[in-house]
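Under the numbering used here, the first residue of the sequence shown is numbered -6, with each subsequent residue one higher. Encoded as structure tokens, the structure appears first; notes follow it.
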Amino acid sequence: MRNKGWVHCPDCDAWVATPGEDQIATPLFVATCHHCGSEFDWRSFKWDWSRRFLVGACFRWEEYVAPREDPTYIWSHEHCAMCRQTFMELDHPSIQRFGYVANANGQEWWVCRTCFDDFQEEFNWRVEPPD
Ligand SMILES: [Zn+2]
Ligand SMILES: [Zn+2]
């Protein structure tokens, strides 16, 4: 499950909408700038403030577990830091139950398997051996 989002075009800095779940014909991770025509992988924004803490991070492969102390925990979820894929304690084809998680900058960051594979090298990510 993905939500539409907005990123800055790397070439002209205009705002560009990332494709939503409804746009099946659009390649998943390609955004097109309507201002300058540039096409780019909208996930690869290392300089985005929300992701710079992830450079060199150490991840664990984990199942997402909703916090039980919260009475509305059933709706509790996380998003992939790169593509906003949803992690939830729910069996559904468009929901991820497992993901890579890292502690950085005082909080947990979730990354889906696809993005982990695509960006492991660029972000110099490591994986903690399971205990
Ligand atoms: Zn542009
Ligand atoms: Zn992802």
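Idealized CB from N, CA, C, for every residue including glycine. Since this is a predicted model, take the numbers as computed values, not measurements.
- Message: Going by C-alpha to C-alpha distance, which of R77, V48, W8, C26 sits closest to C105?
- Response: R77
- Message: Just verifying my parser: in three-state terms, what is the DSSP assignment at W138?
- Response: Look at the range of the chain in this structure, -6 to 124, and you will see that residue 138 is not part of it.
- Proximity below 8 Å, CB of Y102 to CB of A74: Note that residue 102 is Trp in the sequence shown, not Tyr. Yes, the pair counts as a contact, with Cβ atoms nearer than the cut-off.
- Message: Count Cβ pairs between the region 83 to 102 and the region 48 to 61 that sit closer than 8 Å; are there 3 or more?
- Response: yes
- Message: The beta strand (DSSP E) that contains Q89, what's its start and end?
- Response: Run containing Q89: none; DSSP gives neither H nor E here.
- Query: Which residue or residues does DSSP assign as beta-bridge partners of C73?
  - Reply: W103
- Message: Just checking S125 against ligand 1 - is the residue's beta carbon closer than 7 Å to any of the ligand's heavy atoms?
- Response: Residue coverage of the chain in this structure runs from -6 to 124, which leaves residue 125 outside it and unanswerable.
- Message: Beta-carbon distances below 5 Å to any heavy atom of ligand 2 define the shell here; list its residues in chain order, please.
- Response: C73, M75, C76, Q78, C105, C108
- At least 3 beta-carbon pairs within less than 8 Å: the region 23 to 32 vs the region 4 to 12: yes
- Query: When the Cα atoms are used, what is the spatial distance from E71 to Q113?
  - Reply: 20 Å
- Task: May I ask whether a heavy atom of ligand 1 can be found less than 7 Å away from the beta carbon of A7?
- Result: yes
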